[in-house]
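The sequence shown runs 1 to 285 under UniProt numbering.
Every residue, glycine too, gets a C-beta built ideally from N, C-alpha and C.
Just below is one structure, and these are the notes that go with it.
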Amino acid sequence: ARVLPTTPYDLSKVRAMDAQVRWRAQRINAPSWPLDDMDAALTLKDGVLQLDPLNFGVAGGDIRSTIHMDARNAVITTQLKAGIRGIRLDQLFPDATLAKQASGAIGGELDLRGRGNSIAAMLGSADGSIGVGMGRGHVGNLIMELAGLDIAESLKYLITKDRQIPVRCIFGDFGMQDGLMQSRALAFDSTDTIIVGEGNISLKNETLDLLLRPRPKDRSILSLRSPLRIGGTFKDPSFRPDFKALGMRGAIAVALGSIAPPAALLATFEPGPGKDSDCGGKYAQ
1 ARVLPTTPYD LSKVRAMDAQ VRWRAQRINA PSWPLDDMDA ALTLKDGVLQ
51 LDPLNFGVAG GDIRSTIHMD ARNAVITTQL KAGIRGIRLD QLFPDATLAK
101 QASGAIGGEL DLRGRGNSIA AMLGSADGSI GVGMGRGHVG NLIMELAGLD
151 IAESLKYLIT KDRQIPVRCI FGDFGMQDGL MQSRALAFDS TDTIIVGEGN
201 ISLKNETLDL LLRPRPKDRS ILSLRSPLRI GGTFKDPSFR PDFKALGMRG
251 AIAVALGSIA PPAALLATFE PGPGKDSDCG GKYAQ
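Structure below.
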């Protein structure tokens, strides 16, 4: 079973009418989603749909985007650009228990172009880039469990067993070609460790192939922590220590070079204070 929606768009409805709509709303009644302050302008003419802008507030932050869909031919072409700023994890998960398990603000940039008559088909053929980052905060075990990770069996190889994981920043920068997201920079920077990642994510096949390598900031601790291999599918991901990669740590570290986030992505979130708060650039060398 696939995770990304495969329901096809109804092309007859898109081609059957022309429309021009402007919608503004300060409050949105969506109990499951902390949405507000929407500003959208829709234009539909001769099978071409444009949403410019499509902006709305989410969990204390905002998403500003434009969407262009051309349905004049048998296969729809779609362009999506979006900027994400200041989305608060504790507001994104408003339940009191969940709010205690996460803090930090998410930012990012998306620029995608794809072909297909469903969300899955469009993303599975997309070219472009995706970057996302989170600044200072923390992530708790419960959030990790809800995300599908067994924190006790997986992340214990990388970071502490504490229930609260302090975060200086997390970032991922991916280039995308034909639905394959290839990492250009990927890291998790906590108070005592930076975890450097590499690999790819296939939106076409919904598969994961990532390797996360712990790099202790204090050379006297965590020296035997194993890298973590993330594989499987979106529906059924797998997490296992990669002891073979552990033996290659020295050579890989030299090859990785600096892993500081790209300047364009860094501008979308606020890294935490304290020493080495550049997301561990020097520790990835």
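Beta-carbon proximity check, Ile-67 vs Asn-117, cutoff 8 angstroms | no
For the putative contact between Met-17 and Ile-28, defined by C-beta atoms under 8 angstroms, what is the C-beta separation to the nearest angstrom?
-> Going by Cβ atoms, the distance from Met-17 to Ile-28 rounds to 25 angstroms, so no, they are not a contact pair.
Would Ala-30 be called buried (16 or more neighbouring beta carbons within 10 Å of its own) or exposed?
-> exposed
So is Pro-8 buried or exposed if we call it buried at 16+ other beta carbons inside 10 Å?
-> exposed
So what does DSSP say about Ser-65, is it helix, strand or coil?
-> strand
Cβ-based neighbour list, Ile-87, same chain, cut-off 6 angstroms, excluding 5 preceding and 5 following = Val-58, Ala-59, Gly-61, Ile-106
Residues near Asp-70 in its chain [Cβ-Cβ closer than 6 angstroms; skip 5 each side] = Val-48, Thr-77
Mind checking whether Ala-126 and Gly-179 have CB atoms under 8 angstroms apart?
-> yes
Looking at Asn-200 and Gln-177, is the spacing between their C-beta atoms short of 8 angstroms?
-> no
Secondary structure at Lys-13, three-state DSSP: helix, strand or coil?
-> helix
Kindly give me the distance between the Cβ atoms of Gly-175 and Met-134, rounded to whole angstroms, as I take these residues to be in contact under 8 angstroms.
-> About 20 angstroms separates the two Cβ atoms, so there is no contact after all.
Reduced DSSP category for Leu-123 - H, G, I as helix; E, B as strand; rest coil = helix
Pick from Pro-166, Thr-207, Lys-204, Glu-206 that is closest to Ile-195, judged by C-alpha positions = Pro-166
In this structure, does DSSP put Asp-52 in helix, strand or coil?
-> strand
Measure the C-alpha to C-alpha separation of Gly-148 and Leu-203 and round it to an integer number of angstroms.
-> Here the model assigns Gly-148 a pLDDT of 44, short of 50, so the residue's position is not dependable, and the following value carries that caveat. One C-alpha to the other measures close to 18 angstroms.
Find the nearest neighbour of Arg-85 within the set Asn-55, Ala-185, Asp-36, Gly-108, judged by alpha-carbon distance.
-> Gly-108
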